[in-house]
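Taken in order, the sequence shown gives residues 1 to 694; the numbers are from UniProt numbering.
Glycine residues also receive a C-beta, built at the ideal position from the N, C-alpha and C atoms.
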Amino acid sequence: MASPSAPVHPARNLAVFLALLIGVYLLVFLTGNKLAEPKLGIDLQGGTRVTLTARTPDGSTPTRDALNQAQQIISARVNGLGVSGSEVIIDGNNLVITVPGSDGNEARTLGQTARLYIRPVINGVSVQEAQAAGRMPGLGGGGMPGVPGLPPGAGGGAPGLPPGLGGGGAPGLPPGLGGGGVPGLPPGAGGGAPGLPPGFGAGGQGLFGGNGGAVPQQPLTPPAQPRPYPQEPTPTPGTTTASPEPESPSETATPGTSGVPEPTAPGSSAETPAPGAQMPALPGLPGLPGLPGMPGQGDQAQGLAARIAAEKRLRQSDNKVVQALALQIQAGRCDKEDILAGNDDPDLPLVTCSQDHQTAYLLAPSIISGDQIADASSGMDQRSGSNIVQVQFKSGAADVWADYTAAHIGTQTAFTLDSQVVSAPQIQEAIPGGRTQITGGSPGFTPDAARQLANVLKYGSLPLSFEASEAETVSATLGMTSLKAGLIAGSIGLALVLVYSLLYYRVLGVLTALSLVVAGAMVYAILVLLGRYINYTLDLAGIAGLIIGIGTTADSFVVFFERIKDEIREGRSFRSAVPRGWARARKTIVSGNAVTFLAAAVLYFLAIGQVKGFAFTLGLTTILDLVVVFLVTWPLVYLASKSPTLAKPSYNGLGAIQQVARERRAVARSGGATGGKSGAKARTRVTAQSTEQG
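Following this line, the structure appears as C-alpha cells:
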C-alpha cells in the first residue's frame with residue numbers, strides 16, 4: 001500500500017513556483033527590448049529561406065570541415081548585417097539560410113563566395129558596341145561556326161603559328177588574324193595589321209588596349225618611385241603573356257607543307273560543321289577542344305567539374321588568340337550565369353564581365369587577394385557623394401598596393417568579386433597606408449549594396465562556391481494567416497481539454513485549468529527570453545510541439561486523478577486518498593515524461609530545419625509539465641482535499657466512486673455477518689448431536 005514518503009508542504013511548493021514565474025517575467029520586462037514578444041519564424045512573420053548547393057571545381061563531395069567553415073562565415077555575415085532571428089544549418093551538401101522579417105531579401109547575397117582579387121586591366125570591350133558590330137574590334141566579319149561574327153578560315157599562315165595568323169587564308173581561324181606574314185610572330189608586331197585588336201603583339205608586349213573602346217594600356221616604362229613595383233605581375237610557369245613562340249616545323253608539319261596544313265577544298269563537309277556540332281580543335285592550340293563554354297556548345301548535362309574546366313581553358317588561357325576569341329565570346333553572354341564564378345585561378349589571366357553586364361574585360365593575374373583584407377566598411381565619398389566600400393589591407397598587402405599604384409598611375413585596375421569586375425578605376429596617384437576604396441563603377445553602389453559588399457569582404461571568402469538552388473519567400477500576410485491558424489488550432493485543443501476536465505473532474509478540472517494557465521504563462525516567458533538571447537524563432541512546427549505539450553500535461557493530470565480514484569475505491573476518503581494517490585502517480589508521471597523528453601531530444605539532435613523547432617518546444621513543455629505538476633497541481637489538489645466544502649461529492653465529482661466504495665464496504669460487512677450466523681447454527685447442530693449421543 002502506497003503512502004506519502006515525506007511531510008507535505010504545499011505552500012512552500014507554490015511559493016517556489018511563484019518566485020520562478022516572477023523571476024522570468026522580470027527578465028522579460030527589464031532586459032533587452034523589454035517587450036513580451038517572442039521572435040517568429042518566416043512561416044509566421046514572413047521572410048526568406050535560401051538553399052545553397054555547394055560545388056567544388058573538381059566535382060568532388062565537399063568536406064564536412066569546409067561546410068562547417070562556410071556555415072560559420074555565413075552566420076557571421078548574417079550577424080554583421082544585423083539580421084535577427086536567422087538560422088544557417090547544414091543539410092547534406094547544402095546550406096539552408098533562414099532569415100525572418102522584412103530584411104530576409106538580403107539572404108540571397110549571403111551565400112556569395114566573395115573571393116576578391118585585384119587584377120590589372122589589359123583590355124576592355126563595351127558589350128553594347130561588340131553586340132552592335134557583331135564581332136570583336138579588329139576581327140574580320142563574316143561568320144565562324146560557333147563564334148558569332150567570326151568567319152571560317154582565311155589568312156595565309158606563318159610557320160609555327162596557327163593557320164590564318166600569317167595572312168593568306170586557312171580554314172579554322174577568323175580571317176584577318178594576320179596580314180603581315182611575319183614568321184613566328186602574330187601580324188601587327190611591327191605596326192599593327194588589320195584584323196587584330198589594336199596593339200596585339202605590338203612591341204612584343206602582347207597587350208591589347210589603347211583605343212576602340214579599350215582601356216588605357218599599362219605604361220611600358222613606369223614612373224620612378226622609391227619602391228618601384230614591377231610593370232606587370234611576375235608570371236608563373238605556364239602563364240606567360242608573351243606572344244607565342246614559333247614551333248619547330250618538325251613538330252607541326254609534314255614534309256612539303258612548310259608548316260601550313262593543306263587547305264580544305266571549298267564546299268567539302270569539313271568546311272562548315274553541322275549545326276549544333278562540337279567545333280574541331282583549333283590548330284596550333286593544344287588542349288583547347290574547339291571553343292568550350294560557347295553558347296550552344298557541348299553537352300549541357302556534362303558534370304559541373306567539366307564545365308568549369310572548359311571555362312578555364314577558354315577564359316584563363318595565356319594564348320593571345322584564345323584571349324581575343326574569349327573576350328568576344330564573353331561580351332555576348334555577360335548577362336548569363338557565370339559557371340566560373342568564384343572558381344577562377346588568380347595566377348592566370350581572366351576574361352570576364354562587369355557586374356552591370358556592360359563591359360567585358362581581359363585581366364592580368366592577381367596582385368592582391370581578398371584574404372589580405374584586414375577590414376572593410378561602407379560609407380559615402382565626401383567629394384562625389386557616391387556610396388563606396390572602404391578596404392584596409394594587411395601590412396604585407398599594403399606595401400604591395402602602395403608600390404603598385406605608384407608604378408601604374410594612369411592605368412586601370414579591376415576589383416573582381418567571384419570572377420566578376422565590381423569596379424575598374426583608373427589609378428590617379430600612389431595610395432600608401434594600405435587603404436583604398438571600391439566605388440562600384442557606373443551607376444555605383446546603392447547604400448544596401450555597399451553595406452552587403454563590405455560585410456562579405458570583412459568576414460572573408462567562403463571555402464566553397466555555392467549556387468542558389470532554391471529560394472522561398474513568404475509574405476508577411478501569409479505568415480500572419482499561418483500564425484492565426486496555429487493559434488486557433490491551439491485554442492481549440494486547449495478548450496477541449498478544459499471542457500472535458502470540467503465535466504469529468506469538476507473541481508479537479510478547475511485545478512487542471514489553473515495549472516495549464518500558469519504553465520502557458522511560464523512557456524511564453526521562456527520563449528520570449530530564448531528569442532532574445534539565443535535567437536530562437538517560433539514557427540508552425542514549434543506551435544505544433546506546444547499543442548502536443550498541452551496533451552502531455554493533461555495526461556499527467558489524468559494519471560494523478562485516476563490514482564486518487566483508485567484509493568477512494570479501496571474505501572479511503574477524499575482527504576486521505578490524495579496523498580496516497582500522489583505517491584503512486586508521481587513515478588508514472590516522471591516515467592512518461594522521461595520517455596517523451598528522450599524522444600524529443602533524439603529528434604532534436606538528429607533532425608534538421610523545422611523539425612528541430614517541433615522537437616525543441618515539445619521537450620520544453622515536457623520539462624515544464626513536471627515543474628507544474630510537482631509545484632502547482634499536486635499542492636493545489638492537496639489543499640482542496642483539506643477543504644470540507646470541496647470534499648463534498650457534488651463539488652469534486654467523486655460521488656459515484658465514493659458510492660461504489662460504500663457498496664463494497666456494505667457487502668463486506670454483510671458478508672461477515674452472514675458468515676457469523678452460519679457458524680453459530682453449525683455449532684448448535686453439533687452440540688445437539690453430541691447431547692443425543694450422550
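Under the three-state DSSP convention, the category residue i falls into
i: Pro635; result: helix
i: Ala374; result: strand
i: Pro120; result: strand
i: Gln71; result: helix
i: Ser317; result: coil
i: Ala54; result: strand
i: Val391; result: strand
i: Glu87; result: strand
i: Asn93; result: coil
i: Ile308; result: helix
i: Leu327; result: helix
i: Leu185; result: For Leu185, the predicted model reports a pLDDT of 36, less than 50, meaning its position is unreliable; a value from the coordinates is still stated below. Residue state, collapsed to three classes: coil.
i: Asp385; result: The sequence shown places Gly at residue 385, rather than the Asp named in the question. Here Gly385 sits in coil by DSSP.
i: Ile42; result: helix
i: Val8; result: coil
i: Thr552; result: helix
i: Gln358; result: coil
i: Leu350; result: strand
i: Arg333; result: coil
i: Leu35; result: coil
Whole-angstrom distance between residue j and residue i, CA atom to CA atom
i: Ala19; j: Leu26; result: 10 angstroms
i: Val602; j: Asp625; result: 19 angstroms
i: Pro644; j: Pro579; result: 16 angstroms
i: Leu483; j: Thr477; result: 10 angstroms
i: Val628; j: Val507; result: 18 angstroms
i: Gln131; j: Gly332; result: 7 angstroms
i: Arg532; j: Val28; result: 9 angstroms
i: Val523; j: Leu631; result: 15 angstroms
i: Arg575; j: Tyr638; result: 8 angstroms
i: Pro216; j: Ala407; result: Low confidence applies to Pro216: its pLDDT is 42, below 50, so where it sits in the model is not reliable, and the reading given next is rough at best. Each residue's Cα considered, the two are about 14 angstroms apart.
i: Asp403; j: Ala454; result: 24 angstroms
i: Gly486; j: Leu618; result: 15 angstroms
i: Asn123; j: Arg313; result: 19 angstroms
i: Ser573; j: Phe560; result: 16 angstroms
i: Ala583; j: Arg563; result: 9 angstroms
i: Thr411; j: Gln452; result: 28 angstroms
i: Phe557; j: Gly520; result: 15 angstroms
Identity of the residue in the options nearest residue i by Cα
i: Ile368; options: Ala132, Tyr361, Ala414; result: Ala414
i: Pro346; options: Gln610, Gly370, Cys334; result: Gly370
i: Leu304; options: Ser126, Ser465, Glu429; result: Ser465
i: Asp555; options: Asn593, Gly379, Gly531, Leu527; result: Asn593
i: Ala541; options: Ala600, Leu494, Glu567; result: Ala600
i: Leu325; options: Val125, Leu502, Lys642; result: Val125
i: Phe614; options: Leu636, Tyr536, Leu654, Val400; result: Tyr536
i: Leu498; options: Thr553, Ala544, Leu453; result: Thr553
i: Val127; options: Glu37, Ile329, Gln316; result: Ile329
i: Ala309; options: Gly59, Leu494, Ile42, Arg669; result: Gly59
i: Arg315; options: Lys336, Ala306, Leu363; result: Leu363
i: Leu327; options: Pro120, Gly46, Ala360, Ser354; result: Ala360
i: Lys336; options: Asp356, Val321, Asp318; result: Asp356
i: Arg569; options: Ala666, Ser423, Phe17; result: Ala666
i: Ile657; options: Asp566, Arg64, Phe557; result: Asp566
i: Arg435; options: Ala519, Ile22, Ala376, Val510; result: Ala376
i: Gly653; options: Leu502, Phe616, Arg662; result: Leu502
i: His9; options: Ala607, Ala647, Arg563, Thr633; result: Thr633
i: Ala489; options: Ile550, Pro447, Ser317; result: Ile550
Contacting residues, own chain, Cβ-Cβ under 8 angstroms from residue i (five flanking each side not counted)
i: Ser419; result: Arg115, Asp338, Leu340, Ala341, Gly342, Asn343, Asp344, Leu350, Thr352
i: Asn94; result: Thr51, Leu52, Thr53, Ala54, Ser469
i: Ile388; result: Ser378, Gly379, Met380, Asp381, Gln437, Ile438, Thr439, Gly440, Phe445, Ala450
i: Lys642; result: Arg575
i: Asn13; result: Phe630, Leu631, Val632, Trp634, Pro635
Proximal residues to residue i (C-beta, below 7 angstroms), its chain only, five neighbours per side dropped
i: Tyr459; result: Ile73, Ala76, Arg77, Gly80
i: Val474; result: Ile42, Asp43, Gly46, Gly47
Sequence-distant residues of its chain with Cβ nearer than 6 angstroms to residue i (five each side left out)
i: Tyr117; result: Pro346, Ser366, Ser369, Thr416
i: Ala398; result: Gly434
i: Leu161; result: Per-residue confidence for Leu161 stands at a pLDDT of 37, beneath the threshold of 50, marking its modelled position as unreliable; the derived number appears in the next sentence. The answer is none, since no qualifying residue turns up.
Start-end ranges of the alpha helix (DSSP H) lying completely within the stretch 562-624, minimum 4 residues: 574-606
Jot down the residue ranges of each uninterrupted alpha helix (DSSP H) in the stretch 421-485, minimum 4 residues, whole runs only, in chain order. 447-458
Can you list the alpha helix (DSSP H) stretches of 4 or more residues lying completely in the stretch 481-550, in chain order? 507-533
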